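The sequence shown runs 14 to 624 under our numbering.
All residues carry an ideal CB built from backbone N, CA and C; glycine is no exception.
Since we're looking at a predicted model, the values are computed, not measured.
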Amino acid sequence: WEQRKGGVATGAGPGYQERETWTRQMDFIMSCVGFAVGLGNVWRFPYLCYKNGGGVFLIPYLLIVFVGGIPIFFLEIALGQFMKAGSINVWNIAPLFKGLGYASMVIVFFCNTYYIMVLAWGFYYLIKSFNATLPWSTCNNEWNTPSCIEIFHQQDCSNGSLSNATNGSWLGSADVIILCLCRNKVLNISSGLDEAGQVNWELTLCLMAVWVLVYFCVWKGVKSTGKIVYFTATFPYVVLIILLVRGVTLPGAYNGIMYYIKPDWSKLQEAQVWIDAGTQIFFSYAIGLGALTALGSYNRFNNDCYKDAFILALINSGTSFFSGFVVFSILGFMAAEQGVDVSQVAESGPGLAFIAYPKAVSLMPVAPLWAALFFFMLLLLGLDSQFVGVEGFITGILDLFPGKYQHRYKREIAVALCCLLCFIIDLSMVTQGGMYVFQLFDYYSASGMTLLWQALWECIVVAWVYGADRFMDDVARMIGYRPFPWMKWCWSFLTPCLCMGIFLFHLVNYKQLTYNNVYVYPWWGEVIGWCLALSSMLCIPVSLLYKLFRAKGTLREVLRWRESTEPRWAHLTSPVWGAHHLEYMAPDIKSLSSLSPGTDDNKVIIFESVM
Numbered sequence: 014w015e016q017r018k019g020g021v022a023t024g025a026g027p028g029y030q031e032r033e034t035w036t037r038q039m040d041f042i043m044s045c046v047g048f049a050v051g052l053g054n055v056w057r058f059p060y061l062c063y064k065n066g067g068g069v070f071l072i073p074y075l076l077i078v079f080v081g082g083i084p085i086f087f088l089e090i091a092l093g094q095f096m097k098a099g100s101i102n103v104w105n106i107a108p109l110f111k112g113l114g115y116a117s118m119v120i121v122f123f124c125n126t127y128y129i130m131v132l133a134w135g136f137y138y139l140i141k142s143f144n145a146t147l148p149w150s151t152c153n154n155e156w157n158t159p160s161c162i163e164i165f166h167q168q169d170c171s172n173g174s175l176s177n178a179t180n181g182s183w184l185g186s187a188d189v190i191i192l193c194l195c196r197n198k199v200l201n202i203s204s205g206l207d208e209a210g211q212v213n214w215e216l217t218l219c220l221m222a223v224w225v226l227v228y229f230c231v232w233k234g235v236k237s238t239g240k241i242v243y244f245t246a247t248f249p250y251v252v253l254i255i256l257l258v259r260g261v262t263l264p265g266a267y268n269g270i271m272y273y274i275k276p277d278w279s280k281l282q283e284a285q286v287w288i289d290a291g292t293q294i295f296f297s298y299a300i301g302l303g304a305l306t307a308l309g310s311y312n313r314f315n316n317d318c319y320k321d322a323f324i325l326a327l328i329n330s331g332t333s334f335f336s337g338f339v340v341f342s343i344l345g346f347m348a349a350e351q352g353v354d355v356s357q358v359a360e361s362g363p364g365l366a367f368i369a370y371p372k373a374v375s376l377m378p379v380a381p382l383w384a385a386l387f388f389f390m391l392l393l394l395g396l397d398s399q400f401v402g403v404e405g406f407i408t409g410i411l412d413l414f415p416g417k418y419q420h421r422y423k424r425e426i427a428v429a430l431c432c433l434l435c436f437i438i439d440l441s442m443v444t445q446g447g448m449y450v451f452q453l454f455d456y457y458s459a460s461g462m463t464l465l466w467q468a469l470w471e472c473i474v475v476a477w478v479y480g481a482d483r484f485m486d487d488v489a490r491m492i493g494y495r496p497f498p499w500m501k502w503c504w505s506f507l508t509p510c511l512c513m514g515i516f517l518f519h520l521v522n523y524k525q526l527t528y529n530n531v532y533v534y535p536w537w538g539e540v541i542g543w544c545l546a547l548s549s550m551l552c553i554p555v556s557l558l559y560k561l562f563r564a565k566g567t568l569r570e571v572l573r574w575r576e577s578t579e580p581r582w583a584h585l586t587s588p589v590w591g592a593h594h595l596e597y598m599a600p601d602i603k604s605l606s607s608l609s610p611g612t613d614d615n616k617v618i619i620f621e622s623v624m
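#1: Specify the secondary structure class of Thr247 as computed by DSSP and reduced to three states.
#2: Rounded to the nearest angstrom, what separates Val540 and Ala546 at their Cα positions?
#3: Any chance the segment 463-473 sits against the segment 295-303, with 3 or more Cβ pairs inside 8 Å?
#4: Tell me Tyr273's beta-bridge partners as DSSP assigns them.
#5: Leaving out the 5 sequence neighbours to the left and right, which residues in its chain are closer than 7 Å to Met377 when beta-carbon positions are compared?
#6: Please classify Glu89 as buried or exposed, where buried requires at least 16 neighbouring CB atoms within 10 angstroms.
#7: Which class does Val478 belong to by DSSP, given the choice of helix, strand or coil?
#8: Secondary structure at Thr306, three-state DSSP: helix, strand or coil?
#9: May I have the straight-line CA-CA distance separating Ala489 from Ile437, to the nearest angstrom?
#10: Mapping DSSP to helix, strand and coil, what is Tyr311?
#11: Is it true that the segment 318-335 meets the segment 547-556, where meeting means three or more beta-carbon pairs spaced less than 8 Å apart?
#12: Along the alpha helix (DSSP H) that carries Leu538, what are the first and last residues, could you check?
#13: One question on the structure: do Phe122 and Phe406 come within less than 8 Å of each other, judged by their Cβ atoms?
#14: The alpha helix (DSSP H) with Ala107 in it runs from where to where?
#15: Can you give the Cα-Cα distance for Pro276 and Met448, rounded to whole angstroms?
#16: Is the segment 336-352 in contact with the segment 266-281, if contact means three or more CB pairs nearer than 8 Å?
#17: To which residues of the same chain is Phe70 closer than 6 Å at the C-beta, ignoring the five residues directly before and after it?
#18: In the DSSP assignment, the alpha helix (DSSP H) including Gln525 goes from what residue to what residue?
#19: Measure how close the beta-carbons of Phe86 and Leu394 come, nearest whole angstrom, since I'm counting them as under 8 Å.
#20: Per DSSP, Thr463 forms a beta bridge with which residues?
#21: Would you report the Cα separation of Gln556 and Ile294, rounded to the nearest angstrom?
#22: Enumerate, from N- to C-terminal direction, the unbroken alpha helix (DSSP H) stretches of 4 or more residues contained entirely within the segment 383-463.
#23: Output needed for Gly135: all residues of its chain with C-beta closer than 6 Å, excluding positions within five of it in sequence on either side, in chain order.
#24: Note down the Cα distance separating Glu33 from Val235, rounded to an integer number of angstroms.
#25: From Ala476, Tyr532, Val242, Gln211, pick the residue whose C-alpha is nearest to that of Pro509; which is it?
#26: What whole-angstrom Cβ distance do Pro84 and Met513 have, given they're in contact under 8 Å?
#27: Cβ atoms of Pro381 and Leu147: under 8 Å apart, would you say?
#28: Taking its Cβ as the centre, do 16 or more other Cβ atoms sit within 10 Å of Phe506, making it buried, or is it exposed?
#29: Output needed for Tyr138: all residues of its chain with C-beta closer than 6 Å, excluding positions within five of it in sequence on either side, in chain order.
#30: Rounded to whole angstroms, what is the Cα-Cα separation between Arg259 and Val353?
#31: How about Gly93 and Leu308: do their beta carbons lie closer than 8 Å?
#32: Using 8 Å for Cβ pairs, my map puts Ala284 next to Ile77. What's the rounded Cβ distance?
#33: Would you identify the three-state DSSP class for Tyr532, choosing helix, strand or coil?
#34: Among Phe143, Met118, Tyr534, Asn125, whose alpha-carbon lies nearest the alpha-carbon of Glu208?
#35: For Tyr370, I'd like the list of residues in its chain whose CB is within less than 7 Å of its CB, leaving aside the five on either flank, ordered along the chain.
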């Protein structure tokens with residue numbers, strides 16, 4: 014953005030196009046709420062809280078929120094706002110590590126591809142809810158087997174798992190009605206990954222409908238997206254409150270809630286409790302996907318993103334905790350109806366959303382109403398996360414093309430191509446073997462290891478390559494004051510150590526992928542999974558090495574690249590500023606004082622600074 018000749022700074026050329034911004038700041042808040050508050054808050058956190066000591070789980074959870082969650086959440090939003098760029102070009106702040114941007118694009122693309130399958134299932138269940146009698150409440154369906162039973166008792170069944178990646182579980186080997194719907198009608202699972210089987214056309218139509226919905230939410234950019242999230246981000250809270258009021262009035266609700274919050278102090282001694290807290294935070298805060306950076310890039314330059322980060326963190330974690338009361342009040346009722354302990358019906362992930370909760374709803378009066386409300390809430394929770402994820406991916410792609418390549422329908426075409434490509438890949442997940450493919454993506458492509466690896470490098474690059482103090486100064490230029498030094502300490506020391514610790518724990522405790530605790534994935538299936546994981550993780554070191562080896566100079570100069578002042582290293586060591594920085598960042602004082610008196614270049618330059 015800046016070329017200095019004798020101290021005169023000139024801005025961007027006439028081709029520069031000012032970046033689109035949110036119509037109002039609340040659009041940004043709602044978009045972040047819609048993206049970060051998703052299915053994991055409702056179906057994963059309550060189960061983890063119950064499993065890891067009830068109320069005691071909040072201690073490691075809150076500690077890691079302040080050490081890892083909020084610092085990285087704030088870092089990504091602030092980076093996007095400062096650089097006014099998506100997930101790739103934002104790393105012009107340290108060009109040598111631009112591979113971070115490509116890594117986040119790979120992760121969010123995979124996430125967009127498989128996450129929408131949950132929405133397709135939810136949409137299918139929503140349609141089936143509009144019946145006088147819920148399909149999963151009777152055995153009079155063509156997909157029921159002779160062993161179908163309408164009265165379920167946990168002791169008649171053995172435990173298994175729906176999806177190991179999300180800790181869900183099948184409720185037994187006898188075909189409970191809701192289990193029949195999942196296994197025989199919706200999924201129609203084949204014998205293994207190598208047997209694709211037939212395409213489920215009903216599910217394919219649901220998938221197509223959801224992708225069309227996502228397309229029309231994203232195609233016009235943040236001006237339209239910022240309006241849609243007012244409904245998609247707030248209405249789930251209305252449904253949660255309605256379900257809570259209904260849930261606490263049911264018999265057995267008190268026992269369910271007590272199971273959720275009853276503290277078990279001995280759990281604090283277990284390492285797995287702390288790992289679960291850290292992993293949940295990285296998932297629910299949507300860290301490492303690049304979408305938060307894209308959302309922040311549409312902010313005004315002087316927006317107070319520091320305050321926004323704390324507000325959004327409070328909403329995110331508060332929603333997770335609140336959802337637990339909704340979920341466990343219903344599960345307590347279900348346990349009381351069946352005469353079993355709450356621990357025998359407690360579920361997580363798809364097992365909660367598509368087996369346990371629908372079964373509990375079917376036991377209520379006016380069951381179709383509560384089923385429709387629940388699945389509509391599930392659809393909205395996932396939908397805004399999905400289209401903001403697509404928005405983040407499209408923003409990163411379009412930022413690669415400067416203003417001179419502008420086309421009238423460039424954005425609409427890019428969004429259409431992205432949705433079409435993802436839909437084609439998703440067709441492999443609506444076959445009889447689709448559940449095995451879905452689990453591969455879920456377990457590897459956007460897993461805890463890939464997100465932790467991404468967050469680790471983000472902290473290292475900002476704190477140690479660009480400079481933590483330097484970035485704190487940049488934040489002060491934007492918001493008008495310097496954030497508390499805790500952020501700098503976290504970026505420099507605490508958060509990288511936390512990310513590395515959890516990453517190594519996952520690596521050391523890696524287990525071979527299985528489905529339903531019975532089917533073991535073949536070796537070539539695991540190879541595909543690791544290729545999905547490494548396709549993002551290797552972007553960072555490969556890009557770094559490529560840039561170093563392509564640079565001219567001796568090996569000694571390469572190894573001492575950070576200290577080099579040679580012009581040929583400038584593209585690696587110096588940030589590439591955007592045109593908007595000309596307005597807010599004052600020029601180098603030394604370059605002005607070095608001007609010789611009486612020369613033509615000795616000119617007065619007036620810069621506008623937010624300080």
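The answer reads as follows:
#1: coil
#2: 10 Å
#3: yes
#4: Note: Tyr273 sits in no beta bridge, so no partner.
#5: Trp383
#6: buried
#7: helix
#8: helix
#9: 45 Å
#10: coil
#11: no
#12: Looking at the sequence shown, residue 538 is not Leu but Gly. Segment 536-550, the alpha helix (DSSP H) holding Gly538.
#13: yes
#14: Segment: none, Ala107 is in no alpha helix (DSSP H) and carries neither H nor E.
#15: 36 Å
#16: yes
#17: Cys62
#18: Looking at the DSSP string, Gln525 is not in any alpha helix (DSSP H), and its letter there is neither H nor E.
#19: Not confirmed; about 19 Å, so no contact.
#20: None; Thr463 has no bridge partner.
#21: A small fix is needed here, since residue 556 is Ser in this sequence, not Gln. Each residue's alpha carbon lies about 28 Å from the other.
#22: 423-439, 447-453
#23: Phe388, Leu391, Leu392
#24: 8 Å
#25: Ala476
#26: Wrong, their Cβ atoms sit about 15 Å apart, outside the cutoff.
#27: yes
#28: exposed
#29: Phe388
#30: 21 Å
#31: yes
#32: Ala284 to Ile77, Cβ: 13 Å. No contact.
#33: strand
#34: Tyr534
#35: Ile343, Phe387
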